[in-house]
Amino acid sequence: MIRSLILCLLLVSLVFSVPAKQAESFSESQYSTMEWEEMMEKYRYDEYEALYFAVIEQCGEPGTPDFLTHSKSVQSMFVALMFDMEIQNGGIAQFFWNDGSAYATLVPGALREIGLEDVAALYERFVQENNITLEEIDTYRERFPMMEEGFYEYHPFDDFDEAYIKIWKETNINARFLDYAAKHPEIHNGQ
């Protein structure tokens, strides 16, 4: 059930594979066909999407017995791709609300395993500076059942999102995921 929901969310969010809050700046109508194709190539959207689906289709979520049967590289890729997808779809607030502490605890290690030290440091700094605890994250769904306005104002989530998007654009995070996967064939082989 959750996997189906994730796939549906991904299909919606990966149309342009950019954050919902940034969609206007990447809308196709603002670019000539040539510029759009160059951008699609630069961020390797098709390859990234194929990697995403390959990983989520083979690996159960953290906390499930299936998750633990996979290699560290597959587990790290799964967590980091889910994190990236959530950030691109609705920001870190959505990531915390949807995925809770089960994922939040794994994010820094997964990002570092993949070579996204800059993103891991950004995440840890944000959590530390805003005194966000695992216990707090697990209360978000109850306290903010519909992710209403008050939730987005609870912490400066937009500040994190903007910093993440800057890193995403400047360092081509899609390519960084793909480069890591190329070095770890088990990611594609389901081991």
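All you need for the working numbering is the position in the sequence shown, starting with 1, plus 1. Note that CB positions come from ideal geometry on N, CA and C, so glycine has one too.
C-beta contact flag for residue i and residue j at 8 Å
i	j	result
P63	A103	yes
A105	H189	no
V120	I168	yes
V80	A111	yes
F152	Y141	yes
I88	D180	no
R177	G116	yes
S74	E187	yes
E125	P109	yes
M78	A182	yes
N175	R45	yes
E138	G101	Residue identity check: residue 138 is Ile in the sequence provided, not Glu. Contact flag set, yes.
Classification of residue i by the beta-carbon crowding that lies within 10 angstroms, buried from 16 upward
i	result
M83	buried
M147	exposed
R149	For clarity, residue 149 is Glu in the given sequence; the question names Arg instead. E149 is exposed by the Cβ-count criterion.
L135	exposed
Q76	buried
N99	buried
L52	buried
L69	exposed
E118	exposed
S114	One detail in the question is off: residue 114 reads as Glu in this sequence, not Ser. Under this definition E114 is a buried residue.
First through last residue of the alpha helix (DSSP H) which encompasses residue i
i	result
T172	158 to 172
L107	From DSSP, L107 is part of no alpha helix (DSSP H); its letter is neither H nor E.
I188	187 to 190
E118	118 to 130
E136	135 to 138
E143	141 to 144
Which residue spans inside the stretch 43 to 81 form an unbroken beta strand (DSSP E) run of at least 3?
-> Complete beta strand (DSSP E) runs here, min 3: none at all.
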